[in-house]
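Protein chains in written order, with the UniProt record's numbering: chain A, 1 to 656; chain B, 1 to 128.
Contents: one structure, followed by commentary.
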């Protein structure tokens, strides 16, 4: 990139239109512009920045002014109120148009009036280019990043701050990164992170959504199934109830029809026959009893009377026998008493006693003996009355009771048998009952199956619900399958590795270049042996010849400026970008020895185009001569400020 | 003891009734039924009407066959009844009364609507 021409119109002290040709000639890179303080050198520098970056331009004088106010201030005080201020910069660089490399001339034109915003026009090879105009900010960032502008368009005195600070300011760090090409890697890593997270979110969202919906659908389906299952359960229960009722009815029917009796018909008949046989036996016993003494029970009274009579008759008989014997005995006793010649009274008493005894006996012996039964018969009668009859009565009673029981039982059996169903009816009733039972079993089985299914579905629903709640984590785990997400960390790792190695390499180069340039510019070459650049903060660390750390604070202001210049030089060199360098107050407070080193070593080699803005005390006659001896100066200008008209004229030639 | 009669010949009516009783009670022999009939009548307080009873059937049995093991007791009961009825116990009276009581008893048993089986017959001996 080479600046070809800078046009200033009503800008700052430049009244009217001023063209400065900045073209270097081959092997003569330096454009030397001289000017006294207030002559417009810094304005020139600001103009370069303003025309390239517009609102974003890093200009010290703007401070906190609003952009429009700053623009208004920049308009030349002598110019008419409605005069148009403009800055035009033409430069040349390689363009890629439709895949073809081409050296193109680009002209950036920024115009404005007091109180208005600036208008930007970009011309390509003399023709306004709409696309470039609209995308200028992006385009200029590509060609000459604003962060880098401080490293290529810089103030020699202010640049020492770079070296003074412990760590460079962030914009400088960014610029350094960008220069070293680290920015690309960082951006790549960042982009990748963004991509990964975006993809992750997308994937997670989408998959979770899908899975969620799938789960929801599944749950819905299960709910429907559950409902259906509940319905069929109910139906099954109903049919089961029905079947139970039917079975009950069949049982009742079977019972009413005597089916149950038919089942027991054989044992019943056997029982009946046995009972009949038993009754026969019992009846036989009764028959035997009827043939014995039992009928006498009817005439028990008569027999009792007869027994008494029999006893009576027996007693009579005995009394009669005794009376006969006693009569003889009494007669003989009386005869004996007569012989004893007892008193008549005594005799009378004995006679009376004997008569009375005889009387009693005869009374006993009297009575009709009509029964005239034998002793044997009487004994038998007594036996019958006292023992046999009662025994036989009891026996008969027990047998009767037994027979009664048996016949009752037979009656019951007969009743049952009468109710028994006929074989055909029995078969029909039985089959009906069997069918009902079978149907009931079937219904129970179906019900059980449905019940199980129901339980199963409920369990499934629970599982699905649990899964639904757990899904978030699972979905992300599942999305890990995605290739991008699996490879991204690896790529990131590689990028980190790449960055580290690149940084190492680039920093190595940078350190080498800085050390080399610093030693080149420094006349106390024994002071510093090595310059190290911190990989993270880009802080500069110095080491002396002994290898001991050398704090930057120990350097003088001039040395710091040299270090900063060496830093910039090194950066510009390592970056590989072909950019013009513009330096304001390039020598500042440097002593003559260092000036010579700068003038001899740095200026001619800093870039292919070096614009130096100097006062007459910095680059003096001596330095100009030295540069001219080297054949480094392409053009010389003098900014001639007229205090009367408060205008600056650009003239060819330097102070001398 | 001296039996009141040697043989007993029953009337045709009595025989018919006995046949019925045989069927009802399933007692195979007439003599057992006749014993029950005699006792049944003797147990009745009223005196049997002295009506002529023809011996016009071919059913005839000796006293021993009639009385069997309880012949003496039956005679004793008959005698006691005749004595109680103040009819005397002479053999002729006894024979007549035996005949009257026997036939009346057969009539009672045959005419008893409650007598349907041997059970009912036995129950007669258990009542009281």
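Quick reminder that beta carbons are idealized off the backbone N, C-alpha and C, glycines included.
Computed from a predicted structure; not experimentally measured.
inquiry  = How far does the beta strand (DSSP E) with residue 10(A) in it extend, from its first residue to its last?
reply    = If you number the first chain from 1, residue 10(A) lands on position 10. Residue 10(A) -> beta strand (DSSP E) spans 2-11.
Range covered by the beta strand (DSSP E) that runs through residue 647(A) = Here residue 647(A) corresponds to residue number 647 of the first chain, with the count starting at 1. Note, residue 647(A): beta strand (DSSP E), 647-652.
query = Does DSSP put residue 159(A) in a helix, a strand or coil?
reply = Sequence index remark: in the first chain, residue 159(A) carries index 159 (1-based). In the structure shown, residue 159(A) falls within a coil segment according to DSSP collapsed to helix, strand and coil.
query = Within 10 angstroms of its Cβ, does residue 110(B) collect 16 or more other Cβ (buried), or is it exposed?
reply = The residue labelled residue 110(B) in the question sits at position 110 within the second chain. Under a 10 Å Cβ-count criterion, residue 110(B) is classified as buried, with 16 or more other Cβ atoms of the shown protein chains found around its own Cβ.
key: Beta-carbon proximity check, residue 424(A) vs residue 272(A), cutoff 8 angstroms   = Within the first chain, numbered from 1, the residue matching residue 424(A) stands at position 424. Within the first chain, numbered from 1, the residue matching residue 272(A) stands at position 272. 8 angstroms or more divides the Cβ of residue 424(A) from the Cβ of residue 272(A).
message = Tell me the rounded alpha-carbon separation between residue 287(A) and residue 5(B).
response = Residue numbering aside, residue 287(A) sits at position 287 when the first chain is read from its first letter. Residue numbering aside, residue 5(B) sits at position 5 when the second chain is read from its first letter. Put simply, the backbone Cα of residue 287(A) is about 26 angstroms away from that of residue 5(B).
message = I need the straight-line Cα distance from residue 236(A) to residue 446(A), nearest angstrom please.
response = For the purposes of this step, residue 236(A) is taken as residue 236 along the first chain, with counting starting at 1. For the purposes of this step, residue 446(A) is taken as residue 446 along the first chain, with counting starting at 1. The alpha-carbon atoms of residue 236(A) and residue 446(A) are separated by roughly 7 angstroms.
query = At a Cβ threshold of 8 angstroms, is residue 293(A) touching chain B?
reply = Taking the first chain and counting its residues from 1, one reaches residue 293(A) at position 293. Yes, because at least one Cβ of chain B sits closer than 8 angstroms to the Cβ of residue 293(A).
query = For residue 175(A) versus residue 135(A), is the C-beta distance shorter than 8 angstroms?
reply = Numbered from 1 along the first chain, position 175 holds the residue referred to as residue 175(A). Numbered from 1 along the first chain, position 135 holds the residue referred to as residue 135(A). No, these two residues do not count as a Cβ contact at 8 angstroms.
ask   = So, do the segment 109-129 of chain A and the segment 25-32 of chain A have three or more beta carbon pairs nearer to each other than 8 angstroms?
value = Contact check between the segment 109-129 of chain A and the segment 25-32 of chain A: fewer than three CB pairs, one atom from each, fall below 8 angstroms, which does not count as touching.
Beta-carbon proximity of residue 641(A) to residue 13(A), cut-off 8 angstroms = Counted from its first residue, the first chain places residue 641(A) at position 641. Counted from its first residue, the first chain places residue 13(A) at position 13. Yes, the Cβ-Cβ distance between residue 641(A) and residue 13(A) is below 8 angstroms.
query = List, in order along the chain, the chain A residues whose C-beta lies closer than 7 angstroms to that of residue 83(B)?
reply = In the second chain, counting from the first residue as 1, residue 83(B) sits at position 83. Going along chain A in sequence order, the residues near residue 83(B) (Cβ under 7 angstroms) are 370.
ask   = Which residues mark the beginning and the end of the alpha helix (DSSP H) in which residue 614(A) is found?
value = By one-based count along the first chain, residue 614(A) stands at place 614. Looking at the DSSP string, residue 614(A) is not in any alpha helix (DSSP H); the run it does join, the beta strand (DSSP E), is 610-614.
ask   = Considering only C-alpha positions, which residue in the set 107(A), 295(A), 553(A), 648(A) is nearest to residue 167(A)?
value = Along the first chain, read from residue 1 onward, the residue named residue 167(A) stands at position 167. Of the candidates 107(A), 295(A), 553(A), 648(A), the one whose C-alpha sits nearest the C-alpha of residue 167(A) is 553(A).
message = Between residue 366(A) and chain B, is the shortest Cβ-Cβ distance under 8 angstroms, so that the two count as touching?
response = By 1-based counting over the first chain, the position of residue 366(A) is 366. Output row for residue 366(A): interface = no.
key: chain B contact residues for residue 290(A), given Cβ-Cβ distances below 9 angstroms   = Your numbering for residue 290(A) matches position 290 in the first chain. Those within 9 angstroms of residue 290(A) in chain B are 25, 27, 32, 33, 35, 36, 118, 121, 122, 125.
task = Within 10 angstroms of the Cβ of residue 332(A), are there 16 or more other Cβ atoms? Answer buried if so, exposed if not.
result = Working through the first chain from its first residue, we reach residue 332(A) at position 332. Residue 332(A) comes out exposed.
inquiry  = If we define contact as Cβ-Cβ less than 8 angstroms, is residue 99(B) a contact residue for chain A?
reply    = Residue mapping note: residue 99(B) aligns to position 99 of the second chain, counting from 1. Taking Cβ atoms only, chain A never reaches closer than 8 angstroms to residue 99(B), which makes this a no.
request  = For residue 48(B), I'd like the list of residues in its chain whose CB is within less than 7 angstroms of its CB, leaving aside the five on either flank, ordered along the chain.
outcome  = Working through the second chain from its first residue, we reach residue 48(B) at position 48. The answer, listed in chain order, is 41, 100, 101, 104.
Residue 406(A) at chain B interface by Cβ criterion, 8 angstroms = Position 406 of the first chain, counting from 1, holds the residue named residue 406(A). No - not a single Cβ of chain B is within 8 angstroms of the one on residue 406(A).
ask   = Is DSSP giving residue 509(A) helix, strand or coil here?
value = Reading the first chain from its first residue, position 509 is the one you call residue 509(A). In the structure shown, residue 509(A) sits in a helix (DSSP, three-state: H, G or I).
key: Bounding residues of the alpha helix (DSSP H) (the contiguous stretch that carries residue 1(B))   = Counted from its first residue, the second chain places residue 1(B) at position 1. From DSSP, residue 1(B) is part of no alpha helix (DSSP H); its letter is neither H nor E.
key: Proximal residues of chain B, C-beta to C-beta of residue 285(A) below 8 angstroms   = Counting from one through the first chain, the residue named residue 285(A) turns up at place 285. Within 8 angstroms of the CB of residue 285(A), no CB atom of chain B is found; the nearest one sits about 10 angstroms away.
message = Assess contact between the segment 503-522 of chain A and the segment 566-578 of chain A, defined as three or more Cβ pairs (one per stretch) separated by less than 8 angstroms. Is contact present?
response = Yes: at least three Cβ pairs fall under 8 angstroms.
request  = Could you check what DSSP says for residue 108(A) in three-state terms: helix, strand or coil?
outcome  = Numbered from 1 along the first chain, position 108 holds the residue referred to as residue 108(A). Residue state, collapsed to three classes: strand.
message = As an exercise, report each continuous alpha helix (DSSP H) stretch of at least 4 residues that is fully enclosed by the segment 88-119 of chain B, in chain order.
response = Correct list: 91-111.
key: contact_flag[the segment 574-581 of chain A, the segment 538-555 of chain A] where n(CB pairs < 8 angstroms) is 3 or more   = Of all C-beta pairs linking the segment 574-581 of chain A to the segment 538-555 of chain A, fewer than three are shorter than 8 angstroms, placing the two stretches out of contact.
ask   = Exposed or buried, residue 524(A), counting other C-beta atoms within 10 Å across all chains shown (16 or more means buried)?
value = Position 524 of the first chain, counted from the start, is the residue given in the question as residue 524(A). Answer is exposed; the Cβ neighbour count stays below 16.
request  = Could you tell me whether the Cβ atoms of residue 365(A) and residue 330(A) are closer together than 8 angstroms?
outcome  = Within the first chain, numbered from 1, the residue matching residue 365(A) stands at position 365. Within the first chain, numbered from 1, the residue matching residue 330(A) stands at position 330. Not a contact, by the Cβ cut-off of 8 angstroms.
key: chain B within 8 angstroms of residue 373(A), Cβ atoms only   = For this step, residue 373(A) is matched to residue 373 along the first chain. It does; some Cβ of chain B falls within 8 angstroms.
query = What residues of chain B sit near residue 403(A), judged by a beta carbon separation below 8 angstroms?
reply = As a first step, residue 403(A) is located in the first chain; it is residue number 403 there, counting from the start. Identification of chain B residues near residue 403(A) by a Cβ-Cβ cut-off of 8 angstroms yields 119, ordered along the chain.
ask   = Going along the chain, which unbroken runs of the beta strand (DSSP E) with 3 or more residues stay wholly within the segment 5-74 of chain B?
value = Inside the segment 5-74 of chain B, DSSP marks whole beta strand (DSSP E) runs of 3 or more residues at positions 7-9, 60-62, from first to last along the chain.
task = Taking C-beta pairs closer than 7 angstroms, name the residues in chain A that residue 40(B) reaches, listed in chain order.
result = Residue 40(B) sits at position 40 when you count from the first residue of the second chain. Those are 298, listed as they occur along chain A.
ask   = Contact check, residue 439(A) vs residue 232(A) under 8 angstroms by CB: the rounded distance?
value = Counted from its first residue, the first chain places residue 439(A) at position 439. Counted from its first residue, the first chain places residue 232(A) at position 232. Contact annotation, residue 439(A) with residue 232(A): C-beta distance approximately 17 angstroms; criterion of less than 8 angstroms not satisfied.
key: Delimiting residues of the beta strand (DSSP E) encompassing residue 17(A)   = Looking up residue 17(A) in the first chain gives position 17. Per DSSP, residue 17(A) belongs to the beta strand (DSSP E) from 14-21.
key: Residue environment, residue 36(B), which counts as buried when at least 16 other CB atoms sit within 10 Å   = Along the second chain, read from residue 1 onward, the residue named residue 36(B) stands at position 36. Buried: at least 16 other Cβ atoms inside 10 Å.
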